[in-house]
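> This is the structure I want to talk about, given as structure tokens.
Numbering (the working numbering), first residue to last: 6 to 259.
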């Protein structure tokens with residue numbers, strides 16, 4: 006008798022699950038009205054079982070909730086997920102235009118679905134004050150000399166140029182520089198480590214990602230180049246001549 010009762014209970018649960026699935030399908034396909042008719046029809050044809058309309062509706066709603074959560078997790082997995090960081094910054098004061106130009110080294114690693122980048126912006130912060138920075142693109146090759154190293158940067162090397170039209174794939178990382186400037190000579194502020202630079206970028210869903218550059222008192226051992234950048238070591242006499250020429254137009258360089 007016990008085995009027979011267990012078999013009946015098992016059949017009962019199978020029918021209940023079938024009913025819940027039927028109600029769930031009715032909700033998805035036809036809405037609330039169709040679901041109510043399905044509940045009444047299913048309950049009418051199985052009066053001997055303890056399958057109430059409320060039980061069927063509750064089970065169907067549970068299935069619907071699980072499906073909704075699963076679809077949300079799937080969608081989130083398809084969304085972009087940028088890991089945006091700033092590495093180092095090269096800065097130059099342009100006396101002719103009276104502005105300080107920052108060549109910002111940065112990297113984006115995409116942990117989510119493919120995406121291009123949109124709406125780049127940067128903010129220069131000094132204590133409680135902040136001011137928007139002006140973005141720049143490069144007309145031709147730009148040569149920067151730092152110590153005994155010379156770096157050539159072209160417009161195609163800029164991170165915002167690389168990622169504005171070609172999507173960053175899942176698991177892909179893109180390195181490059183960003184060029185932003187603020188008016189005036191910020192030499193004293195930079196050397197006293199008072200400033201911070203905050204850069205913001207958006208993915209194709211307009212989700213913002215922010216990276217903040219905080220200067221360090223530890224001096225850099227040398228120029229940090231990205232793999233694609235063109236750099237070279239130069240002779241001592243060339244360094245002196247280049248620096249002298251650079252100082253006439255740039256005032257200062259680090």
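The beta carbon of each residue, even a glycine, is placed where N, CA and C say it ideally should be. In this text the structure is predicted, and so the values were computed from the model without any measurement.
#1: Hey, how far is the Cα of residue 192 from the Cα of residue 216?
#2: For residue 96, which of 178, 180 and 200 has the nearest alpha-carbon?
#3: At which residues does the alpha helix (DSSP H) containing residue 115 begin and terminate?
#4: Per the contact definition of three or more C-beta pairs closer than 8 Å, is the region 140 to 152 in contact with the region 168 to 177?
#5: Could you work out which residue in 178, 222 and 186 is closest to residue 120 when comparing CA atoms only?
#6: Where do the ends of the alpha helix (DSSP H) carrying residue 121 lie?
#7: Taking a contact to mean a Cβ-Cβ separation below 9 Å, would you say residue 89 touches residue 204 in this structure?
#8: What's the gap between the Cα of residue 131 and the Cα of residue 175?
#9: So, with DSSP's three-state summary, where would you put residue 162?
#10: Determine the direct distance from the alpha carbon of residue 87 to that of residue 214, and round the result to whole angstroms.
#11: Under DSSP, the alpha helix (DSSP H) around residue 195 begins and ends at which residues?
#12: Per DSSP, what kind of secondary structure is residue 171 in: helix, strand or coil?
#13: Check the C-beta distance from residue 109 over to residue 185 and give it rounded, since I have them as a contact under 8 Å.
#14: What number of angstroms, rounded off, separates the C-alpha of residue 183 from the C-alpha of residue 118?
Quick answer:
#1: 23 Å
#2: 200
#3: Note, residue 115: premise wrong, no alpha helix (DSSP H); beta strand (DSSP E) at 104 to 115.
#4: no
#5: 178
#6: No alpha helix (DSSP H) holds residue 121; DSSP gives it neither H nor E.
#7: yes
#8: 36 Å
#9: helix
#10: 7 Å
#11: 192 to 196
#12: coil
#13: 7 Å
#14: 23 Å
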